[in-house]
Structures are given as C-alpha cells and as structure tokens.
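> Residue numbers (the numbering used here): 24 to 157. By construction, the Cβ of each residue, glycine as well, lies at the ideal position given by its N, Cα and C atoms.
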C-alpha cells in the first residue's frame with residue numbers, strides 16, 4: 024500500500040501550453056480546462072538515501088513497479104471521469120528532461136502521463152477491435 028503517486032492539477036494556460044509544446048506540439052491539449060500530471064515516486068520503493076535520476080532508459084526494477092502502480096491509479100481516475108461525463112486522453116509523448124522542468128519535478132520522480140480533462144465536443148465511435156478468437 025505504498026501509493027507511489029502524485030497528481031498535479033494544471034489550470035494555468037501558459038503552463039498547459041508549455042506541456043502541449045513538449046508533447047510534440049499537440050495543440051488540442053490546450054482546449055482542456057485542466058491537465059492532470061501523473062507522477063511516479065520511486066522513493067516509495069527505494070528506502071536508501073541514494074541519488075536517483077530517472078529517464079526513459081533507467082534500469083531500476085522499482086521504476087517499473089511504480090509505473091505499473093501509477094498506471095492503475097490513472098486508469099481508475101479515467102474510468103471515474105467517464106462515469107461523470109468527462110472526456111480524458113492519456114498523453115505520454117514527451118521526454119522526462121523536457122516535461123519535468125515545467126513543473127519543477129525532481130529527477131527522482133517520473134512523469135507517467137499527462138491527462139487533459141474536460142467535456143468532449145463529440146463522442147467518437149468505438150474503434151474496430153479484434154474478435155475474441157484472434
């Protein structure tokens with residue numbers, strides 16, 4: 024029950040613009056009233072007071088565990104948002120070195136996702152899925 028997550032609510036237009044810029048300039052993100060930045064805290068799994076710097080190629084097995092745990096929490100949050108009639112989208116197309124400085128996130132934390140949240144202008148049709156036999 025470590026709960027290795029932090030959620031940062033971003034309402035500032037200028038901060039949302041910076042986030043969308045480092046997310047490969049996905050301008051549509053700026054139409055959402057808020058962004059929820061979902062951060063994994065590996066310190067919940069590593070007790071030693073050692074220097075840690077995380078990025079996309081970090082070898083620590085604990086990082087995989089906290090990313091999994093945070094991903095579960097994010098998915099529950101997205102399901103609840105949908106139940107409340109809100110639209111969400113999981114965005115993870117950025118590097119740690121680009122996104123962390125925007126919110127002063129330390130190098131021993133890992134940004135798992137940015138979730139823009141708002142009311143959808145339209146409800147997209149479900150995408151085709153493989154048959155259960157496949």
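1. Only counting runs of 4 or more residues, tell me where the alpha helix (DSSP H) segments fall wholly within the stretch 77 to 157, in order along the chain.
2. Throw me the rounded Cβ distance for the residue 60 and residue 33 pair, which I believe falls under 8 Å.
3. Alpha carbon to alpha carbon, what distance is there between residue 49 and residue 105?
4. Need the endpoints of the alpha helix (DSSP H) that residue 42 sits in, please.
5. For the beta strand (DSSP E) that residue 28 lies in, which residues bound it at each end?
6. State the start and end residues of the unbroken beta strand (DSSP E) segment that holds residue 57.
7. Taking all protein chains shown into account, do 16 or more other C-beta atoms lie within 10 angstroms of the C-beta of residue 46, making it buried, or fewer, making it exposed?
8. Helix, strand or coil, according to DSSP, for residue 24 in the structure here?
9. Is the CB of residue 157 under 8 Å away from at least one CB in chain D?
10. What do you reckon, are the CB atoms on residue 66 and residue 120 nearer than 8 Å?
11. Starting from the Cα of residue 147, find the closest Cα among 38, 43, 111 and give me that residue.
Taking the coordinates as given:
1. Counting whole runs of 4 or more residues, the stretch 77 to 157 contains the alpha helix (DSSP H) stretches 84 to 106, 119 to 122.
2. The C-beta separation of residue 60 from residue 33 comes to about 6 Å, placing the pair in contact by the 8 Å criterion.
3. If I take the Cα positions, the gap works out to 22 Å.
4. The continuous alpha helix (DSSP H) containing residue 42 extends over residues 36 to 45.
5. Residue 28 -> beta strand (DSSP E) spans 28 to 33.
6. For residue 57, the uninterrupted beta strand (DSSP E) segment begins and ends at 57 to 64.
7. With 16 or more other Cβ atoms from the protein chains shown falling within 10 Å of its own Cβ, residue 46 counts as buried.
8. Reduced to three states, the DSSP call for residue 24 is coil.
9. In the structure shown, chain D cannot be found, because there is only a single protein chain.
10. No. Outside cutoff.
11. When each option's Cα is compared against that of residue 147, the closest is 111.
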